[in-house]
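Asks:
Residue numbers (our numbering), protein chains in the order written: chain F, 7 to 340; chain P, 7 to 340.
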């Protein structure tokens with residue numbers, strides 16, 4: 007690029023930045039329009055104003071404005087089953103064409119018949135076998151393509167929409183609001199990291215390198231003289247419960263100042279985030295209370311159980327979002 | 007923040023951005039002043055111009071402009087020994103006050119006497135014991151403080167400067183040049199990730215979350231009712247050789263388009279980065295050829311051996327930097 011072209015491009019970028027800023031300011035009249043004017047919204051705005059007000063004891067410099075989000079049940083729907091489980095069941099069906107023996111063999115038989123209770127009966131061992139069969143034994147590039155193709159075509163049976171449209175509009179606004187205020191937003195999910203990365207940038211504005219999740223081991227090797235990364239059927243890391251603060255520290259290397267979750271799997275992440283440090287911290291739990299517009303569940307469910315974290319939320323100063331009352335919209339408009 | 011204050015702040019930021027852009031443009035007259043006008047500099051500039059030229063087949067969108075850098079010997083000095091080893095030897099001396107038995111016990115005796123050949127004789131097992139003794143058994147916060155204090159006071163014996171000043175000025179310019187062109191810069195080092203993160207942002211402009219390295223396992227637990235992350239004396243991940251592409255994929259989730267290294271430990275990272283993809287890739291090796299201003303070594307050294315990677319560099323189209331001829335300056339001016 008020669009200097010004149012560079013200057014021109016720079017000038018354009020500055021102008022574009024100005025337009026972006028201007029439109030942001032207009033939108034900022036209400037940065038969280040899908041949130042009711044209740045306690046959670048007030049807590050979010052108060053927190054952001056406190057940590058961004060310069061020359062006050064609560065001020066947090068931009069690089070330390072780290073916010074972490076659980077994915078399943080916090081950013082998108084996790085009922086009637088985790089979306090990744092729907093992916094697994096679909097993959098087993100596709101792969102079964104080359105595995106006729108699966109018709110009589112658990113846990114594949116249960117998966118093929120969509121028999122969730124038989125699947126549950128196969129236990130963690132059975133589920134892990136399904137995960138490894140569908141998630142390993144190929145290169146990272148191949149798996150990325152499989153996920154990308156599936157997520158583009160799969161539809162949720164109840165809402166008849168792509169899963170990437172069953173994300174929570176209020177949380178999309180929250181992500182954008184935090185980023186507009188100098189936060190860096192990360193996902194810290196128990197789900198598979200390579201199952202999320204192909205679409206999180208498009209859907210949440212969160213790039214792959216800001217997604218933390220569970221993973222299988224990968225191996226670097228040559229195949230036909232070409233270097234590849236091959237996915238092995240072996241657990242590398244489970245980013246759930248006590249694994250979440252471990253994963254966050256491993257990937258980010260600093261403690262977040264805000265954490266958003268919805269289940270007991272997020273308990274330790276919330277504890278780690280909201281303890282320590284002299285500046286304000288925000289911990290928030292999305293409580294699924296809206297059976298009409300989404301789902302209502304907490305202490306008794308196989309997907310996203312919220313029990314212990316709900317018990318200690320008040321004592322820890324965590325904000326509990328009552329979806330039914332605190333969210334005007336659930337999903338983005340079609 | 008009220009809207010007026012917000013608008014004012016935004017206006018200020020836009021103005022500040024404009025000033026930044028203007029000064030960047032001026033500096034861009036020569037973005038790499040410490041590089042001689044030889045082949046490596048030309049290769050860098052040509053590569054950056056190709057991947058940033060819109061509406062051409064070589065154009066790479068900003069999010070995919072990922073560049074990875076080895077640290078030891080690529081961004082800062084690694085002779086006469088890795089800086090992290092100097093840290094270990096210093097730590098052993100400090101800790102020895104509470105371990106009188108170390109005076110007679112290897113590998114500690116060798117460490118206390120600075121006897122590098124006896125240390126080498128203790129092998130990988132001995133070195134690992136020293137690493138675990140000095141790097142584990144405390145919280146991540148405590149270790150961060152130990153590193154921060156050490157790096158602020160330790161001095162390199164030959165150059166009599168802090169180690170963080172023994173970084174390569176041409177590479178600092180390269181990092182800034184890439185970032186000014188929309189690249190995101192990462193470190194992928196065999197060194198300990200928690201040994202680098204406390205200072206990489208200040209020294210290289212690379213934030214902790216963009217540092218990939220070797221690590222020990224950490225455990226989340228409560229101590230006196232406070233959640234902590236405790237460092238265990240157990241290897242979690244070795245980010246070297248074939249581990250580098252694995253670590254890069256695990257942390258970043260996409261393949262870099264540029265990689266910079268200096269030793270055989272970077273071979274697989276260079277292979278992974280420069281193979282695959284339809285757009286240009288840049289692989290570069292810093293060859294230490296300047297015994298007067300820094301050090302001269304390649305095939306025969308214990309620290310940063312460059313042998314196999316040098317053999318295959320030409321065939322792979324990697325650019326080899328001859329420090330003596332290609333770099334006008336080695337370190338930042340005092």
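By construction, the Cβ of each residue, glycine as well, lies at the ideal position given by its N, Cα and C atoms.
Remember, it's a predicted structure, so these values are computed and weren't measured experimentally.
From the DSSP secondary-structure annotation, give me the bridge partner or partners of residue 164 of chain P.
Replies: Stepping through the second chain from its first residue, residue 164 of chain P is reached at position 158. For residue 164 of chain P, which the question treats as bridged, DSSP gives no partner whatsoever.
Asks: Which residue marks the beginning of the alpha helix (DSSP H) containing residue 325 of chain F, and which one marks its end?
Replies: The residue labelled residue 325 of chain F in the question sits at position 319 within the first chain. Here residue 325 of chain F belongs to no alpha helix (DSSP H); instead the beta strand (DSSP E) covers 325 to 328.
Asks: Mapping DSSP to helix, strand and coil, what is residue 187 of chain F?
Replies: One-based indexing of the first chain puts residue 187 of chain F at position 181. Correct three-state label for residue 187 of chain F: coil.
Asks: Consult DSSP for residue 214 of chain P and reduce its assignment to one of helix, strand or coil.
Replies: Taking the second chain and counting its residues from 1, the one referred to as residue 214 of chain P is at position 208. Here residue 214 of chain P sits in helix by DSSP.
Asks: In the DSSP assignment, the alpha helix (DSSP H) including residue 297 of chain P goes from what residue to what residue?
Replies: Mapped onto the second chain, residue 297 of chain P falls at position 291. First-last for residue 297 of chain P: undefined, no H or E at that position.
Asks: Less than 6 angstroms between C-beta atoms, sequence neighbours within five positions excluded: which residues of the same chain meet that for residue 188 of chain F?
Replies: What you label residue 188 of chain F is simply residue 182 of the first chain in a count that begins at 1. Contacts found: 68 and 71.
Asks: Shorter than 8 angstroms, the distance from the beta carbon of residue 44 of chain F to the closest heavy atom of the ligand MN, or not?
Replies: Ligands in the displayed structure: none, and consequently the ligand MN is not present.
Asks: Using the rule of at least 16 other Cβ atoms within 10 Å of the residue's Cβ for burial, across every protein chain shown, is residue 117 of chain F buried or exposed?
Replies: Position 111 of the first chain, counting from 1, holds the residue named residue 117 of chain F. Per the 10 Å Cβ criterion, buried.
Asks: Does the beta-carbon distance from residue 80 of chain F to residue 266 of chain F come in below 9 angstroms?
Replies: Working through the first chain from its first residue, we reach residue 80 of chain F at position 74. Working through the first chain from its first residue, we reach residue 266 of chain F at position 260. Cβ atoms of residue 80 of chain F and residue 266 of chain F: closer than 9 angstroms.
Asks: With a Cβ-Cβ cutoff of 9 angstroms, do residue 160 of chain P and residue 93 of chain P count as a contact?
Replies: Residue numbering aside, residue 160 of chain P sits at position 154 when the second chain is read from its first letter. Residue numbering aside, residue 93 of chain P sits at position 87 when the second chain is read from its first letter. It is a contact, given that the beta carbons lie within the stated cut-off.
Asks: Indicate whether at least one CB of chain F lies closer than 9 angstroms to the CB of residue 189 of chain P.
Replies: Along the second chain, read from residue 1 onward, the residue named residue 189 of chain P stands at position 183. For residue 189 of chain P, the answer is no, since every Cβ of chain F falls outside 9 angstroms of its Cβ.
Asks: Can you find at least 3 beta carbon pairs, one from the stretch 170 to 177 of chain P and one from the stretch 248 to 258 of chain P, that sit closer than 8 angstroms?
Replies: No: the two stretches stay apart, fewer than three of their Cβ pairs being nearer than 8 angstroms.
Asks: Measure from the C-beta of residue 147 of chain F to each C-beta in chain P and report whether the shortest distance is under 9 angstroms.
Replies: By 1-based counting over the first chain, the position of residue 147 of chain F is 141. Yes - at least one Cβ of chain P is within 9 angstroms of the one on residue 147 of chain F.
Asks: Give the interface partners of residue 263 of chain P over in chain F, defined as CB-CB distance under 8 angstroms, in chain order.
Replies: Residue 263 of chain P sits at position 257 when you count from the first residue of the second chain. Neighbours of residue 263 of chain P on chain F: none; closest Cβ ~14 angstroms, over 8 angstroms.
Asks: Residue 246 of chain P and residue 221 of chain P: beta carbons closer than 9 angstroms?
Replies: Counting from one through the second chain, the residue named residue 246 of chain P turns up at place 240. Counting from one through the second chain, the residue named residue 221 of chain P turns up at place 215. It is not a contact, given that the beta carbons lie outside the stated cut-off.
Asks: Looking only at DSSP bridge pairs, what is residue 303 of chain F linked to?
Replies: Stepping through the first chain from its first residue, residue 303 of chain F is reached at position 297. The partner list for residue 303 of chain F (beta bridge, DSSP) reads F/294.
Asks: Going by DSSP in three states, residue 251 of chain F sits in which element: helix, strand or coil?
Replies: Here residue 251 of chain F corresponds to residue number 245 of the first chain, with the count starting at 1. In this structure, residue 251 of chain F counts as helix in the three-state DSSP scheme.
Asks: Run down chain P in chain order and give the residues with a C-beta less than 7 angstroms from the C-beta of residue 114 of chain F.
Replies: Along the first chain, one-based indexing puts residue 114 of chain F at 108. Those do not exist, as residue 114 of chain F stays about 29 angstroms from chain P at its closest Cβ, beyond 7 angstroms.
Asks: Could you tell me whether the Cβ atoms of residue 288 of chain P and residue 325 of chain P are closer together than 9 angstroms?
Replies: Indexing the second chain from 1 puts residue 288 of chain P at position 282. Indexing the second chain from 1 puts residue 325 of chain P at position 319. Taking 9 angstroms as the Cβ cut-off, residue 288 of chain P and residue 325 of chain P qualify as a contacting pair.
Asks: Residue 263 of chain P lies in the beta strand (DSSP E); which residues open and close that run?
Replies: Mapped onto the second chain, residue 263 of chain P falls at position 257. Run containing residue 263 of chain P: none; DSSP gives neither H nor E here.
Asks: Verify whether the separation of the beta carbon atoms of residue 73 of chain P and residue 192 of chain P is less than 9 angstroms.
Replies: Here residue 73 of chain P corresponds to residue number 67 of the second chain, with the count starting at 1. Here residue 192 of chain P corresponds to residue number 186 of the second chain, with the count starting at 1. Yes. Within cutoff.
Asks: Taking Cβ positions only, does residue 73 of chain F come closer than 9 angstroms to chain P?
Replies: Here residue 73 of chain F refers to the residue found at position 67 of the first chain. False, the Cβ-Cβ gap to chain P never drops below 9 angstroms.
Asks: Where residue 124 of chain P and residue 183 of chain F are concerned, what is the direct C-alpha to C-alpha distance, given to the nearest angstrom?
Replies: Sequence index remark: in the second chain, residue 124 of chain P carries index 118 (1-based). Sequence index remark: in the first chain, residue 183 of chain F carries index 177 (1-based). Cα to Cα, the separation comes out at about 58 angstroms.
Asks: Between which two residues does the alpha helix (DSSP H) holding residue 83 of chain F run?
Replies: Here residue 83 of chain F refers to the residue found at position 77 of the first chain. Neither: residue 83 of chain F is in no alpha helix (DSSP H) and is coded neither H nor E.
Asks: Cβ of residue 242 of chain F less than 9 angstroms from any chain P Cβ?
Replies: By one-based count along the first chain, residue 242 of chain F stands at place 236. So, interface residue.
Asks: Assign residue 275 of chain P to buried or exposed, taking buried as 16 or more other Cβ atoms, counted over all protein chains shown, within 10 Å of its Cβ.
Replies: The sequence position of residue 275 of chain P within the second chain is 269, counting from 1. Buried is the call here.
Asks: Quick one: which chain P residues come within Cβ less than 8 angstroms of residue 278 of chain F?
Replies: By 1-based counting over the first chain, the position of residue 278 of chain F is 272. What residue 278 of chain F touches in chain P: 226, 233 and 235.
Asks: What does the Cβ neighbour count give for residue 90 of chain F, buried or exposed, with the cut at 16 atoms within 10 Å?
Replies: Indexing the first chain from 1 puts residue 90 of chain F at position 84. The residue in question, residue 90 of chain F, is buried, as its Cβ has 16 or more Cβ neighbours within 10 Å.
Asks: Are the beta-carbon atoms belonging to residue 140 of chain F and residue 101 of chain F less than 9 angstroms from one another?
Replies: Locating residue 140 of chain F in the first chain gives position 134, where the first residue counts as 1. Locating residue 101 of chain F in the first chain gives position 95, where the first residue counts as 1. It is a contact, given that the beta carbons lie within the stated cut-off.
Asks: Can you look up residue 46 of chain F in the DSSP assignment and give me helix, strand or coil?
Replies: Numbered from its first residue, the first chain carries residue 46 of chain F at position 40. Reduced to three states, the DSSP call for residue 46 of chain F is helix.
Asks: Of all Cβ atoms in chain P, is any one closer than 9 angstroms to the Cβ of residue 258 of chain F?
Replies: The count along the first chain starts at 1 and reaches residue 258 of chain F at position 252. Yes, residue 258 of chain F lies at the interface with chain P (some Cβ there is under 9 angstroms from its Cβ).
Asks: To which residues of the same chain is residue 46 of chain F closer than 6 angstroms at the C-beta, ignoring the five residues directly before and after it?
Replies: Sequence index remark: in the first chain, residue 46 of chain F carries index 40 (1-based). So the list reads 325, 327 and 332, once near-sequence residues are dropped.
Asks: Of all the options P/309, P/264 and P/77, which has the alpha carbon lying nearest to the alpha carbon of residue 66 of chain P?
Replies: The residue given as residue 66 of chain P occupies position 60 in the second chain. The shortest Cα separation from residue 66 of chain P among P/309, P/264 and P/77 belongs to P/264.
Asks: For residue 258 of chain F, collect the residues of the same chain with a Cβ closer than 7 angstroms to its Cβ; drop the 5 residues on either side in sequence, then sort them by chain order.
Replies: Locating residue 258 of chain F in the first chain gives position 252, counting from the first residue. Cβ within range, chain order: 72 and 192.
Asks: In chain order, what residues of the same chain have a beta carbon less than 6 angstroms from the beta carbon of residue 84 of chain F, not counting five sequence neighbours either side?
Replies: Within the first chain, the letter at position 78 stands for residue 84 of chain F. Within the same chain, residue 84 of chain F has close Cβ partners 78, 309 and 310.
Asks: So what does residue 37 of chain P bridge to, in DSSP terms?
Replies: On the second chain, residue 37 of chain P is found 31 positions in, with the first residue counted as 1. According to DSSP, residue 37 of chain P bridges with nothing at all.
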